[in-house]
Structure formats: structure tokens, C-alpha cells
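Read the sequence shown against full-length UniProt numbering and you will find it ends at 386, with the numbers running on by one and no gaps. We put the beta carbon where it would ideally sit given N, CA and C, even for glycine.
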Amino acid sequence: MAKKRRAAEAAVPEPEKQEKEAEEPSGSDGGEASGGPEGASSGEPSDGSGSGDGSDSGSDGSSGSDDGEDSSDDGSSAPEVSDDDEAQSEDDEDGAAFDEVNVDFQFFDPKEIDFHGLKALLHTYLDGGVYDGSGLAEAIIAQSSVGTVVKTGEDDDPIAVMTALNTRSHGAASFAKQVKEFLLGKAPDEAARKQFAEAWDAEGTALMINERLINAPPQLAPPLMQALFDEIAWATEDEPSEEARRAFKLKRFVLITRAYTDPTADGGGGGGGGGSAGPSGSGGERKKKKAKAAAAPLLVYVRPEDEFLHAQAAASFTWRVEGRPVAKDELVPMRLALLFTSEAAARARRELDRVVGNAAGMAPPPAMGALGGGKGKGKGKAAGKK
Numbered sequence: 001m002a003k004k005r006r007a008a009e010a011a012v013p014e015p016e017k018q019e020k021e022a023e024e025p026s027g028s029d030g031g032e033a034s035g036g037p038e039g040a041s042s043g044e045p046s047d048g049s050g051s052g053d054g055s056d057s058g059s060d061g062s063s064g065s066d067d068g069e070d071s072s073d074d075g076s077s078a079p080e081v082s083d084d085d086e087a088q089s090e091d092d093e094d095g096a097a098f099d100e101v102n103v104d105f106q107f108f109d110p111k112e113i114d115f116h117g118l119k120a121l122l123h124t125y126l127d128g129g130v131y132d133g134s135g136l137a138e139a140i141i142a143q144s145s146v147g148t149v150v151k152t153g154e155d156d157d158p159i160a161v162m163t164a165l166n167t168r169s170h171g172a173a174s175f176a177k178q179v180k181e182f183l184l185g186k187a188p189d190e191a192a193r194k195q196f197a198e199a200w201d202a203e204g205t206a207l208m209i210n211e212r213l214i215n216a217p218p219q220l221a222p223p224l225m226q227a228l229f230d231e232i233a234w235a236t237e238d239e240p241s242e243e244a245r246r247a248f249k250l251k252r253f254v255l256i257t258r259a260y261t262d263p264t265a266d267g268g269g270g271g272g273g274g275g276s277a278g279p280s281g282s283g284g285e286r287k288k289k290k291a292k293a294a295a296a297p298l299l300v301y302v303r304p305e306d307e308f309l310h311a312q313a314a315a316s317f318t319w320r321v322e323g324r325p326v327a328k329d330e331l332v333p334m335r336l337a338l339l340f341t342s343e344a345a346a347r348a349r350r351e352l353d354r355v356v357g358n359a360a361g362m363a364p365p366p367a368m369g370a371l372g373g374g375k376g377k378g379k380g381k382a383a384g385k386k
């Protein structure tokens, strides 16, 4: 069942609009590019600064174009330049001013035409390690009823993708086995490893895939999240088979995302290779964890939704991306693994809409149990996608 196109308009600096590079170029470190991350938490750099997590980097926008000095033989001087033009030129050289253009970002179902673009977008998903990226792209395309790609035109490459793949339904696929092995291999201790392994194997768990280019505006996050969860609710009622409907009755999600730590700032937790395997028991243990978090480097989020999902997560841990030299005061590229319930996702979405705003103009649903059986049947399919 095809969905109508949804368009989201955003102002983007013109030089960055022309970038076609993924958030993470190929490289030994998983492709982190220098610069600030995509759209982070409070005090974080904005989307357009290069970084990233992975799918991320690109040319800067400083133009320094040849402004047409007269080179004719008559010896005439260069054309006059006003003070305003001169100031604008100086700002451009400093990278502080850009001409903004409005770009229409259109939401589509994943299709075969997106295969190579999705592979490029996801090629550093496992920190640049070799894995079955073709299989992952094919799984995203095959599940067109749930999942979204964002493009500037129907024939263009995707600049973003968001979907959720049931870990049991895809358990035999090579990409799923590789992602699970990679994730559990990064766990900081046996408790975290066990918690994520049990969640991965449990009924009602999905791997959330959320990747986009560095210069994709953060305003895309709320409508992308809404589209995903609207479609999941739709699928639990309108998928043609009972097996397919049951696969979307999701209780929890696993997300591998990108982040940074700021070595110059203290507090915020989540740094280094540690994390939390879930709520602690005694008050003494909670105090220890709070003290450890306060001493850890500040975690800088690449995408705005990650901060709210992290705050609601049942378990999480981080690890450093290896292989990229980092100067003393540079942001350190990290990965963040999250485990959160569908109720937690609903709470995170409400906070995301409140802080970032939702161009789709619809409030997220109230917190519920396993997704499915909710009101508003079919709304996800009519939310403006094609």
C-alpha cells in the first residue's frame, strides 16, 4: 500500500546543500570526520558542522570565489566593491556567513532505486568493519510498509533512513548476526552483554536503523520518528498476514548511534567505554553510578533524538571509535548503544517534539505497551509519504 509523499522544508547553507558525502567517509576509524557533530544536545554543534558519526564529512562552504578582477590589457582597476559586499566576503572567508536556501526534503518508502544509496549511507554502520551491507539495504527495501528514506527528489540518493527490523524475523540473516556479534563484543561487562543479548533474542524486539547525512537538518528528526511509529501501529493491524502483523507488535528497540565526548568538559556521563546495564538496586550503587557519570567526559549527541532516547533508555553503553588520531582538545568519536521500550520511545518523542518542534504537526501517541492495536488505523500511511 503506497504512501503519499511528505515534504519538509528547511533552510540549509547553500555550500553544504551541495554536499553529497555521507556522515562518515570511509576510513580506518569508521569514518569520523573532523569538526562538530550533527545536531547535538544542549551546547552541541549544529547539524551542519561536519562530523560524524559516521555517515559524515564534507567540504566547507567558504567560497573565496574569483570576484572577477578586470584582467584586460587597458590596465583598468577591479570593479568597485561596497563596504557591505566587502564585509560579506570577509565573513565568507571566516566561514561565518552563508547564503541560505530552502530545500524540500521528501519522505518516501524505500525502493529498489535506493539500494546503492542506502549501501553508501550504511557502509560505516559497524565502525567501518566489513559486514553484509547489501543484505541490510535489501531488508530495508523489502520492508517498505515500515520505514522511510528522505530524499530531495524521487530519483536522488537518500540523505536519511529510519526503520525498525524485527530481530527474530531477521535473525538468520547474515547482517543481523554480524550486528549482534559486533554489539555484544563492544559491551563493557558481562551484565551489559547479557542484558542486550537477552533483549535481542526476545520476542517483540527491533533493531532501529537511524542514519543520515551530516548536513541533514535536525528538524527532520520529529517527523521521521512519527512516521516510523505511525507505520508500526498501522502494520500491526493492516499487514496482510498474522505473522507479519505479529512481527510489528514491538515492545523494545535496540539502537546503535553516533556520539562524541568532549574532553574539555566534565559531567554528563556516558563517556569512555563504559555505560549502564540498567537500573541499580541499592542506594549505594546508585550513588556510585552518579559519581562515575559526573566524572565522565560530557557526551555530545550527533542527532537530537538520541539525547531524549538515551534519557529514557533501560540500558546503554558507549565505546570509542578506534583508529582515528584525535588532538588533545578535539571531540572524541564514540558509539552509543541504547535499549529502550516502546513506552520510553513515546516519552522521548514528546520531549523531542517539545524542544525541536514537529513539522508534521501531530502529537505523538500516549505511552502504551507493545505497539499495536492503537487508534488511528492507517494514519501512518496517510502521513504524506509516497
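- Contact between the region 346-354 and the region 213-220 is absent, with fewer than three C-beta pairs closer than 8 Å.
- Inclusion of Thr148 and Leu224 in the CB contact set at 8 Å is warranted, their separation being smaller than that value.
- Under the DSSP assignment, Arg350 falls in the alpha helix (DSSP H) whose first and last residues are 342-356.
- In this structure, the CA atom of Ala192 is about 8 Å from the CA atom of Ser316.
- In the structure shown, the three-state DSSP call for Phe105 is strand.
- The distance from the Cβ of Ile232 to that of Phe253 is about 10 Å, inconsistent with a contact at the 8 Å cut-off.
- The secondary-structure analysis by DSSP pairs Met162 across a beta bridge with Thr148, Asn210.
- Between the alpha carbons of Leu338 and Ile214 lies a gap of roughly 21 Å.
- In the DSSP assignment, the residues bridged to Ala259 are Tyr301, Met334.
- Residue pairing from DSSP leaves Ala314 without any beta-bridge partner.
- Around the C-beta of Lys328, fewer than 16 other C-beta atoms lie within 10 Å, and the residue is accordingly described as exposed.
- By the 16-neighbour rule on beta-carbons within 10 angstroms, Asn358 is buried.
- In summary, Asn166 is buried, with 16 or more beta-carbon neighbours lying within 10 Å of its beta-carbon over all protein chains present.
- Around the Cβ of Asn210, a 10 Å sphere holds 16 or more other Cβ atoms; the residue is buried.
- Per DSSP, the beta-bridge partners of Leu339 are Val254, Ala315.
- With contacts defined by Cβ atoms closer than 8 Å, Ala137 and Lys111 do not form a contacting pair.
- Bridge partners of Thr205 according to DSSP: Arg252.
- Cβ atoms of Pro297 and Pro263 come within 8 Å of each other, at about 6 Å.
- Under DSSP, Arg324 shares a beta bridge with no residue.
- The three-state reading of DSSP puts Thr124 in coil, since its state is none of H, G, I, E or B.
- Judged by beta-carbon spacing, Ala206 lies beyond the 8 Å limit of Ala142, meaning their Cβ atoms are not closer than that value.
- Put simply, the backbone Cα of Gly323 is about 43 Å away from that of Glu243.
- A straight-line Cα-Cα distance of about 14 Å links Val161 and Ser145.
- Ile140 and Gly128 have their C-alpha atoms spaced approximately 20 Å apart.
- A Cβ-Cβ distance of about 4 Å is found for the pair Ser174 and Asp132, placing them in contact under the 8 Å criterion.
- Asp104 sits exposed, since fewer than 16 C-beta atoms from the chains shown fall within 10 Å of its C-beta.
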